[in-house]
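Under full-length UniProt numbering, the residue at position 58 of the sequence shown is numbered 58, and the numbers go up by one with no gaps.
In this text, a Cβ means the ideal position worked out from N, Cα and C, and glycines have one as well.
This one's a predicted model, so the numbers in the text were calculated from it and none came from an experiment.
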Amino acid sequence: MTIRPAEVFTAARREMRGPLVRGRHDCLTTACGVSAALFGRDPLASGRPAYDSFTGAMRIVARAGGWFAWSEAAFSASGMQRVAIPRTGDLCLVARPDARGGTTFGLCIRPGEYVAKSRRGFKMMDGDLMGAWRWA
1 MTIRPAEVFT AARREMRGPL VRGRHDCLTT ACGVSAALFG RDPLASGRPA
51 YDSFTGAMRI VARAGGWFAW SEAAFSASGM QRVAIPRTGD LCLVARPDAR
101 GGTTFGLCIR PGEYVAKSRR GFKMMDGDLM GAWRWA
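Laid out in structure tokens, this is it:
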């Protein structure tokens, strides 16, 4: 299935609008919502992490061994495969020094360009790719 950048923008606009709420409407849950809207499959199908604060999210990440380890376990269990070079629509973990915790989840528009949840909606961003996952 080929996804176009415009399709990612449309889904992001719908899924990421509104304020950031940890555990319900944040970078992880909205990026996974966009992926589900695009592909009809939920990256968090293997289990949604339960947290309602940044500290709660960090506890989950620390227990898993870090952002990448948590992402790999959760997304692989849901049927995604890790890829070295993302393409449009792939779910990505991106290092961002301005993001709380230093990372954010988003979707690839094209390699090096991502769309992610912001405090009040969504934004385009760049950053160092830490990992990317695609539906198998």
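Report back the beta-carbon spacing between residue i and residue j to the nearest angstrom; my notes put them in contact at under 8 Å.
| i | j | result |
| --- | --- | --- |
| residue 37 | residue 14 | 7 Å |
| residue 12 | residue 115 | 5 Å |
| residue 81 | residue 45 | About 15 Å; that fails the 8 Å criterion. |
| residue 93 | residue 131 | 4 Å |
| residue 129 | residue 86 | 7 Å |
Work out the CA separation of residue j and residue i for me, nearest whole Å.
| i | j | result |
| --- | --- | --- |
| residue 22 | residue 96 | 18 Å |
| residue 121 | residue 127 | 19 Å |
| residue 91 | residue 107 | 5 Å |
| residue 16 | residue 113 | 17 Å |
| residue 111 | residue 48 | 27 Å |
| residue 60 | residue 4 | 33 Å |
| residue 58 | residue 74 | 15 Å |
| residue 117 | residue 76 | 22 Å |
| residue 18 | residue 101 | 21 Å |
| residue 9 | residue 63 | 33 Å |
| residue 54 | residue 65 | 17 Å |
| residue 98 | residue 119 | 12 Å |
| residue 104 | residue 72 | 15 Å |
| residue 124 | residue 109 | 9 Å |
| residue 27 | residue 1 | 24 Å |
DSSP has residue i in a bridge; who is on the other side?
| i | result |
| --- | --- |
| residue 188 | The structure shown does not extend to residue 188, since the chain is modelled only from 1 to 136, so the question has no answer here. |
| residue 122 | 117 |
Can you name the start and end residues of the beta strand (DSSP E) that residue i belongs to?
| i | result |
| --- | --- |
| residue 80 | 80 to 83 |
For the alpha helix (DSSP H) holding residue i, just list the boundary residues, first then last.
| i | result |
| --- | --- |
| residue 5 | 5 to 16 |
| residue 136 | Note, residue 136: premise wrong, no alpha helix (DSSP H); not H, not E. |
Item to complete: Note down, one range per segment and in chain order, each alpha helix (DSSP H) of at least 4 residues found wholly within the stretch 21 to 89.
Response: 27 to 39, 54 to 64, 67 to 77
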